[in-house]
Structure formats: C-alpha cells, structure tokens
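Here's the structure, in structure tokens; my notes come after.
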Amino acid sequence: MKLINSGVKAVIASIDGRLQSLNPSDIDECETALESLGHIGSSTQGATLLLSGSSPAARHVIDAAFEQQGPQGHGKQLAALHALGNISGETRSKNSIILNAEAEENLRRLIYETATRSSKLTPSGLFRSVLQQDAEIRLAVYRVISGLVVRSWCLMEICSKDDIINKVINPTIETTKIGMEARYNCCKAIFQSLTLSDSVSAFTDIYAKLEKAVKMGPYLVKSHAEPQPVVETAERF
11 MKLINSGVKA VIASIDGRLQ SLNPSDIDEC ETALESLGHI GSSTQGATLL
61 LSGSSPAARH VIDAAFEQQG PQGHGKQLAA LHALGNISGE TRSKNSIILN
111 AEAEENLRRL IYETATRSSK LTPSGLFRSV LQQDAEIRLA VYRVISGLVV
161 RSWCLMEICS KDDIINKVIN PTIETTKIGM EARYNCCKAI FQSLTLSDSV
211 SAFTDIYAKL EKAVKMGPYL VKSHAEPQPV VETAERF
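In structure tokens, the structure reads:
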C-alpha cells in the first residue's frame with residue numbers, strides 16, 4: 011500500500027507542478043491534467059491524497075470549476091467540474107464518499123475560499139451560477155452536488171437557496187436522457203441527505219418539494235393530454 015501511495019503521490023506532484031507552470035493559453039493540456047486528477051480522485055485513496063497537505067492539488071480542480079472561463083475555457087471548466095464530482099464521491103459507494111478529517115476540512119476550506127474570492131461570496135452562490143450555464147455544464151454540476159451534499163455544510167448551502175432547489179426539481183429543464191437522469195440523481199441525493207439530517211425540520215417546505223420530485227421520477231410525465239386541433243366540417247347551405 012505504501013508503494014502504491016508513493017507512486018500516486020509522485021503522479022499528483024507531477025501534475026500539480028505542471029498545472030502551476032502552464033500558461034492560460036495551454037487549454038488542452040490543462041484539460042488533460044484536470045481529467046487526470048479526476049480519474050485519481052474517483053477512488054477514496056486518490057481523493058484523500060488530492061486533498062492532503064497545506065496546498066492540496068485539488069485546488070486546481072476547484073479553482074477551474076468555478077472561475078469565469080469564457081467560451082474558450084468551456085472544456086476546461088467542464089473537465090474540472092467532472093473531476094470535482096469524482097473527488098467529492100459521486101462515483102463512489104455510499105460508505106466511501108466521506109474522506110478522512112484532513113481531506114474533508116481541506117475540501118470545505120478550498121470551496122469556501124474560492125467562493126470568497128469570487129463575486130458569489132458563498133458556495134451556494136457558486137452552485138447557482140454554474141447551474142445557469144449550458145446543459146453540459148449543468149450535468150457536471152449535478153454530479154458535483156450529488157457528491158458534496160452528503161456533507162452537512164454543503165446541504166445547508168444548497169437548502170439555503172430556493173432557486174437551486176427549484177432548478178433540481180424542475181423536470182422540464184433538461185431535454186436529454188442523461189441530463190434528466192443526472193438532475194434526478196442530484197435531486198434524490200439532496201432529499202436523502204436532508205432526510206438523514208438533524209435540520210430537516212427547518213426545511214419542511216423544501217423537503218416536501220424534493221419528496222414530490224423524487225416520486226415523479228427522472229422523466230417528464232405529462233399530466234394531461236395535449237390539445238388536439240379540431241377540424242370542423244363546413245356548414246351546408
């Protein structure tokens with residue numbers, strides 16, 4: 011295990027160093043590096059290593075996920091959000107999502123620091139901002155929230171903004187199967203975390219909305235038949 015850790019640490023250190031030295035114009039290489047960190051972060055061991063130390067390598071992922079990128083940086087932001095989804099535990103089993111105390115504190119700290127440096131000021135502001143972007147970005151954000159929301163601090167951030175809840179419970183917002191399923195999984199993850207939370211009594215309205223949305227399932231079901239055109243026969247004289 012120590013040999014494996016040493017090897018992974020060496021890879022992380024190499025990617026970390028490369029990301030620090032890249033120019034803003036090296037977008038493709040930056041995307042590749044962020045994707046690599048995401049692959050490492052999909053395992054509990056890898057995520058823990060990415061979030062260890064005084065200057066964790068995961069800072070590159072979190073910075074790129076939420077900073078203003080512009081059209082040229084779309085792929086970079088998308089790669090970073092998917093990487094953060096992996097690191098936060100969206101792909102891991104329920105028992106493997108939460109990391110050790112140091113890693114969890116660094117994850118929380120990095121996200122709050124990123125929010126403080128931005129115009130959004132809070133993690134909920136960051137989530138709300140990226141949920142307003144295009145369908146590809148939203149899909150990645152659903153993954154990030156699904157992983158992070160098992161943490162009480164993130165759950166409180168999500169539940170503090172009605173517009174975030176209204177986005178994830180809205181069955182009409184996504185038009186692709188993968189988008190609908192990602193939105194629904196995010197909605198279900200928030201609902202399950204709130205169900206287990208001591209704060210559920212403070213969010214009864216939100217709980218009811220989430221419960222209804224979860225029962226509806228991922229796909230939009232039309233509650234009534236669409237109006238059909240009526241063709242009338244001409245009057246006879």
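With the numbering used here applied, the sequence shown closes on residue 247, and no number is skipped along the way.
Using N, Cα and C, we set each Cβ at its ideal position, and we do this for glycine too.
Endpoints, alpha helix (DSSP H) assigned at residue i
{"i": "Pro-133", "result": "133-140"}
{"i": "Phe-201", "result": "187-206"}
{"i": "Arg-211", "result": "Reading off the sequence shown, one finds Ser at residue 211, where the question assumed Arg. From DSSP, Ser-211 is part of no alpha helix (DSSP H); its letter is neither H nor E."}
{"i": "Gln-82", "result": "Unbroken run through Gln-82: none, as it is neither H nor E."}
{"i": "Asp-144", "result": "That residue, Asp-144, is in no alpha helix (DSSP H); it is neither H nor E in DSSP."}
{"i": "Tyr-122", "result": "111-127"}
{"i": "Glu-100", "result": "Premise fails: Glu-100 is in no alpha helix (DSSP H) and is neither H nor E."}
{"i": "Lys-177", "result": "172-178"}
{"i": "Glu-167", "result": "162-169"}
Closest Cα partner of residue i within the set the options
{"i": "Glu-100", "options": "Pro-34, Ile-175, Thr-124, Tyr-152", "result": "Tyr-152"}
{"i": "Cys-164", "options": "Phe-201, Pro-181, Asp-144", "result": "Phe-201"}
{"i": "Glu-77", "options": "Gln-143, Leu-61, Ser-16", "result": "Gln-143"}
{"i": "Gly-8", "options": "Ser-31, Gly-51, Ala-223", "result": "Residue numbering for the chain in the displayed model covers 11 to 247; residue 8 lies beyond these limits and cannot be assessed."}
{"i": "Asn-105", "options": "Ser-53, Ala-93, Ala-74", "result": "Ser-53"}
{"i": "Ala-111", "options": "Leu-141, Ser-139, Gly-63", "result": "Gly-63"}
{"i": "Ser-24", "options": "Glu-221, Phe-137, Thr-126, Ser-46", "result": "Ser-46"}
{"i": "Ser-31", "options": "Ala-218, Asn-15, Ile-155, His-70", "result": "His-70"}
{"i": "Gly-80", "options": "Thr-126, Ile-147, Leu-44, Val-18", "result": "Ile-147"}
{"i": "Asp-215", "options": "Ile-179, Ala-199, Gln-55", "result": "Ile-179"}
{"i": "Ile-72", "options": "Asn-176, Leu-44, Lys-177", "result": "Leu-44"}
{"i": "Leu-109", "options": "Arg-138, Asn-33, Asn-15, Leu-158", "result": "Leu-158"}
{"i": "Val-18", "options": "Asp-36, Thr-58, Arg-28, Ile-107", "result": "Thr-58"}
{"i": "Cys-197", "options": "Leu-206, Val-210, Asp-208, Pro-181", "result": "Pro-181"}
{"i": "Ser-16", "options": "Arg-127, Leu-60, Phe-137", "result": "Leu-60"}
{"i": "Val-224", "options": "Ala-93, Asn-195, Ser-209, Arg-138", "result": "Asn-195"}
{"i": "Ile-107", "options": "Ala-145, Glu-221, Gln-55", "result": "Gln-55"}
{"i": "Ser-103", "options": "Phe-213, Ala-68, Ala-90, Ser-156", "result": "Ser-156"}
{"i": "Phe-137", "options": "His-92, Ala-90, Val-154", "result": "Val-154"}
{"i": "Arg-161", "options": "Asp-208, Ile-175, Ser-139, Arg-127", "result": "Asp-208"}
Burial state of residue i (16 or more Cβ within 10 Å)
{"i": "Ser-203", "result": "buried"}
{"i": "Ala-20", "result": "exposed"}
{"i": "Pro-66", "result": "buried"}
{"i": "Lys-86", "result": "buried"}
{"i": "Ile-22", "result": "buried"}
{"i": "Leu-13", "result": "Residue placement at Leu-13 is flagged as unreliable, the pLDDT there being 45, under the threshold of 50; a coordinate-derived value is accordingly withheld."}
{"i": "Ser-98", "result": "buried"}
{"i": "Gly-248", "result": "Any question about residue 248 goes unanswered here, given that the chain covers just 11 to 247."}
{"i": "Glu-41", "result": "buried"}
{"i": "Asn-116", "result": "buried"}
{"i": "Glu-236", "result": "Residue confidence for Glu-236 is low, a pLDDT of 47 falling below 50, so the modelled location carries little weight; the figure read from the coordinates is stated next. Result: exposed."}
{"i": "Leu-141", "result": "buried"}
{"i": "Thr-124", "result": "buried"}
{"i": "Ala-113", "result": "buried"}
{"i": "Leu-206", "result": "exposed"}
{"i": "Ala-150", "result": "buried"}
Contact with chain D by residue i, beta-carbon distance below 8 Å
{"i": "Arg-69", "result": "Of the protein chains in the structure, only one exists, and it is not chain D."}
Across the segment 118-133 and the segment 154-172, are there enough close Cβ pairs to call them in contact, namely three or more that are closer than 8 Å? yes
Across the segment 186-194 and the segment 220-232, are there enough close Cβ pairs to call them in contact, namely three or more that are closer than 8 Å? Because the criterion of three Cβ pairs below 8 Å is met, the segment 186-194 and the segment 220-232 touch.
Write down every uninterrupted run of the alpha helix (DSSP H) in the segment 25-81 whose length is 4 residues or greater and which is fully enclosed by it, in chain order. The DSSP assignment places complete alpha helix (DSSP H) segments of no fewer than 4 residues inside the segment 25-81 at 37-51, 54-60, 68-76, in order along the chain.
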